[in-house]
Amino acid sequence: MKKLSVDHLLGIKYLNEDDLHLIFETADHFKEVINRPIKKVPSLRDTTIANLFFENSTRTKLSFELAEKRLSADVINFSASQSSVSKGETLIDTVNNILAMKVDVVVIRHPTPGAALFLSKNVDACIINAGDGTHEHPSQALLDAYSIREKFGELRGKKIAIVGDILHSRVALSNIFALKKLGAEVRLCAPKSLLPKHIETLGVTASMDLMQTLKWCDAANMLRVQNERMDLNYFPSTREYSQLFGLNKKKLESLKKEIIILHPGPINRGVEITSDVADSKNAIILNQVENGVAIRMAIIYLLVAKLNISDT
Ligand code: CP
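Numbering (this note's numbering), first residue to last: 1 to 312.
Structure, rendered in structure tokens:
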């Protein structure tokens with residue numbers, strides 16, 4: 001059996017191209033499984049997984065939980081707001097107490113960049129990063145790239161635009177790493193205030209012209225404006241942002257070519273994308289969500305195979 005080069009999923013930065021293809025091939029198998037009448041396999045019936053969410057989530061939390069249950073793992077869920085974290089317990093103490101209950105894998109979402117890496121160095125469990133602040137969101141990038149691959153057959157040579165709040169986006173950074181490793185061309189499009197300095201050193205181009213970017217690309221990933229991470233005004237008004245960087249049906253139709261539209265969710269309808277685009281045939285937003293379960297099953301399955309604790 002082919003194995004991943006890593007023992008944890010901390011970021012796309014740490015994966016190589018073979019890892020990405022292995023995750024996709026494994027996800028192809030699990031996508032077939034979750035479309036069967038019986039959507040479950042017994043692969044991880046000896047594995048216990050804890051989902052630790054220190055930040056809100058709808059898609060990632062439910063998708064990981066469903067992926068774990070589809071693999072027959074035992075699952076426990078932890079929400080920081082209902083825990084003893086509010087009484088002053090440290091992250092390491094919290095996790096070590098959970099691991100004392102014989103947990104094998106920890107899925108963690110945390111507002112602090114580097115939280116997953118920190119845990120991997122300080123506790124004895126397989127760690128999966130479900131989003132660490134503005135740093136990385138590797139499972140999201142994997143499901144995004146997988147969904148584009150599903151549409152086009154492969155990523156190599158494809159032109160992918162990432163539009164919007166790049167500065168505060170963990171999705172953007174993980175997408176850049178994944179798409180570049182898979183041979184795609186990447187262009188970022190955002191107001192200058194939302195483009196990190198020196199971002200071109202990652203091998204991407206940057207533009208402030210949405211129409212030019214859309215004419216160039218095969219697929220556009222429209223990022224959410226992350227108001228909760230903004231302590232300053234990065235653009236004069238939401239109305240101006242949506243006029244210059246938001247995607248509506250009129251702009252899409254004026255391209256006179258078909259492009260596919262992704263969005264990681266949650267959507268600010270009418271800001272980065274209008275409803276007539278989000279609900280159009282160009283949008284693959286719900287395919288992304290469906291693929292997220294198969295991708296997360298693949299990630300967990302392949303990492304647990306490295307733990308050598310199950311009969312997979
Ligand atoms: N895409 C994503 O991470 O969504 P949630 O915040 O709902 O998990």
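Built from N, CA and C at the ideal position, the CB exists for glycine as well.
Roughly how many whole angstroms lie between the Cα atoms of residue i and residue j?
i      : j      : result
Ile98  : Asp124 : 11 angstroms
Phe289 : Lys151 : Note that residue 289 is Val in the sequence shown here, rather than Phe. Taking the straight line joining both Cα atoms gives about 15 angstroms.
Glu25  : Val271 : 35 angstroms
Leu91  : Thr112 : 11 angstroms
Asp104 : Ser81  : 23 angstroms
Ser27  : His198 : Inspection of the sequence shows that residue 27 is occupied by Ala rather than by Ser. Distance between the alpha carbons of Ala27 and His198 is about 34 angstroms.
Ile309 : Ala184 : Any reading at Ile309 must be qualified, since the residue scores a pLDDT of 45, below 50, and its modelled position is unreliable; no value is offered.
Val33  : Gln140 : 20 angstroms
Ile176 : Val107 : 22 angstroms
Leu20  : Ala115 : 23 angstroms
Phe235 : Glu228 : 15 angstroms
Ala341 : Tyr146 : Residue 341 is absent from the structure shown; the chain starts at 1 and stops at 312.
Is it buried or exposed, residue i, if we count other Cβ atoms within 10 angstroms and call 16 or more buried?
i      : result
Gln336 : Past the boundaries of the shown model lies residue 336; the chain is included only from 1 to 312, so the question cannot be answered.
Ser193 : exposed
Asp279 : exposed
Pro42  : exposed
Asn282 : buried
Asn35  : exposed
Ile261 : buried
Gly164 : buried
Asp93  : exposed
Ser63  : buried
Thr48  : buried
Leaving out five residues before and five after residue i in sequence, what residues of the same chain have Cβ atoms less than 6 angstroms from its Cβ?
i      : result
Asp311 : Because Asp311 sits at a pLDDT of 45, beneath the cut-off of 50, its placement in the model cannot be relied upon, and the following sentence gives the value as read from the coordinates. Here the set comprises nothing.
Leu195 : Ile166 and Ala206
Lys158 : Phe152, Ala184 and Asp218
Arg296 : Ser63, Phe64, Ala67 and Ser139
Can you name the residues that DSSP bridges to residue i?
i      : result
Leu52  : Phe78 and Ile108
Ala100 : Partner(s): none; Ala100 has no beta bridge.
Ile261 : Ala220 and Ala283
Ile273 : Leu247 and Arg269
Using a Cβ-Cβ cut-off of 7 angstroms (strictly less than) and excluding sequence neighbours within five positions of residue i, which residues of its own chain qualify?
i      : result
Arg109 : Phe53, Phe54, Glu55, Ser57, Thr60, Ala130 and Gly131
Phe2   : Just to set this straight, residue 2 is Lys in the shown sequence, not Phe. Within the same chain, Lys2 has close Cβ partners Leu22.
Arg269 : Ser275 and Ala278
Might you give, ordered along the chain, the residues of its own chain that have their beta carbon closer than 8 angstroms to the beta carbon of residue i, omitting 5 neighbours on each side?
i      : result
Ala190 : Val163, Gly164, Asp165, Ile166, Leu167, Ala206, Met208 and Phe245
Asp144 : Val171, Asn175, Ala178, Asn221, Leu262, Pro264 and Gln288
Exercise for the section: Jot down the residue ranges of each uninterrupted alpha helix (DSSP H) in the region 175–226, minimum 4 residues, whole runs only, in chain order. Expected result: 210–216
Problem - Segments of 3+ residues assigned as beta strand (DSSP E) that fall wholly inside the region 117–170 - result: Qualifying beta strand (DSSP E) stretches, in chain order: 126–132 and 159–163.
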